[in-house]
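Residue numbering for the sequence shown follows the numbering used here, starting at 821 and increasing by one per position. Glycine residues also receive a C-beta, built at the ideal position from the N, C-alpha and C atoms. It should be emphasised that the depicted structure is a prediction, and the values quoted were computed from it without experimental measurement. Single-structure report; data block below.
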Amino acid sequence: MTGQFPKTALITGAAKRIGRALSLDLARQGYDIALHCNSSKSDAETLAAEIRDLGRRACVVSADLTNEEDTHRLVADAVKQLGPIGVLINNASTFEFDDVGSATRDSWDLHMETNLRAPFVLSQQFARHLPDDCKGAILNLIDQRVWNLTPHFMTYTLSKAGLWTLTQTLSLALAPKIRVNAIGPGPALPSSRQTQEDFDAQCAKTPLKIGTNPQEICDAVRFFLAAPAITGQMLALDGGQHLDWAPSGEEDKPVE
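The structure is reproduced here in structure tokens:
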């Protein structure tokens, strides 16, 4: 294990959607998985059973990431059950609409706590619990929009822009022991506000006329884990959406 990752990953928001795909993919690569969930414990337990069927260890660790005490103990809970954690994936995210007129202190706190404060606290705890003779990696799931700022989804965008800054500053603060990188997806799965038609229209507005998908995000995670010379980077998986190439007329804008 000396100088290498412990092959155990803690993934936040692991029970569904992209988090579920990441958990299964890393398990197939030989990782044991600590599955974080909040309200989706039944889904997380089902996923843990699937991972065990693949021959890997898995545990479920519950925490409300808007609660400082819950967040602070999450890494220790995972280490207690699975041993040293070598990979932290900050995948959990809150994505609610507000704008400059409708944003409130509550919407600010909701996005900042889950999308920025929690990844910072978890990264601190991850670094503190990583054995002295081991390397580690942190991967933050951000959003291509931090390279293509708009006034929409105001406090969400601010929280993700902060997470991109955190990725870069942590990559310096934790080097050379821990590498810190990010993935900035564009449209990957329909949101709760979108129909499939809305989602398809959003993908069609990118330069490549496609979005991304969970497997492509899994492939990017594998790449970052296998690339020892990369830190402080974000890979935008977005069909070129961050280039803001799409027509800008209001009637052309997708829902998200």
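Residue A854 holds the alpha-carbon nearest to the alpha-carbon of A834 among F825, G1060 and A854.
DSSP places A878 in the strand class (E or B) of the three-state scheme. Listed in chain order, the beta strand (DSSP E) runs fully inside the stretch 945 to 1016 are 956 to 961 and 998 to 1005, counting runs of at least 3 residues. Taking the C-beta atoms as reference points, L936 is found nearer than 8 Å to S979. When DSSP reads this structure, T828 sits in a beta bridge with D852.
Taking C-beta atoms under 8 Å as the contact rule, Q1035 and A841 qualify, at a distance of about 7 Å. Per the C-alpha coordinates, the member of I962, F1043, R837 and G1060 positioned closest to Q849 is F1043.
Per DSSP, A864 lies in no beta strand (DSSP E) segment; the continuous alpha helix (DSSP H) that holds it begins and ends at K861 to D873. In this chain, A898 is not harboured by any beta strand (DSSP E); it is covered by the alpha helix (DSSP H) spanning E888 to L902. When rounded, the separation of the alpha-carbon atoms in I838 and A869 is 18 Å. Measuring C-alpha to C-alpha distances from P1010 to each of N1001, L990, E1076 and L867 identifies E1076 as the nearest.
Taking C-beta separations shorter than 6 Å and ignoring five residues to either side along the sequence, the partners of A1002 in its chain run N960, I962, T987 and M1054, following chain order.
Here L885 is not near D852, since their CB atoms are 8 Å or more apart. The stretch 899 to 918 and the stretch 968 to 983 touch, with no fewer than 3 CB-CB distances between them shorter than 8 Å. When secondary structure is reduced to three states using DSSP, V941 falls in the helix class. Across the structure, C1023 and I1030 are spaced so that their CA atoms are roughly 5 Å apart. Contact between L846 and V895 does not hold, since their C-beta atoms are separated by about 17 Å, which reaches or exceeds 8 Å.
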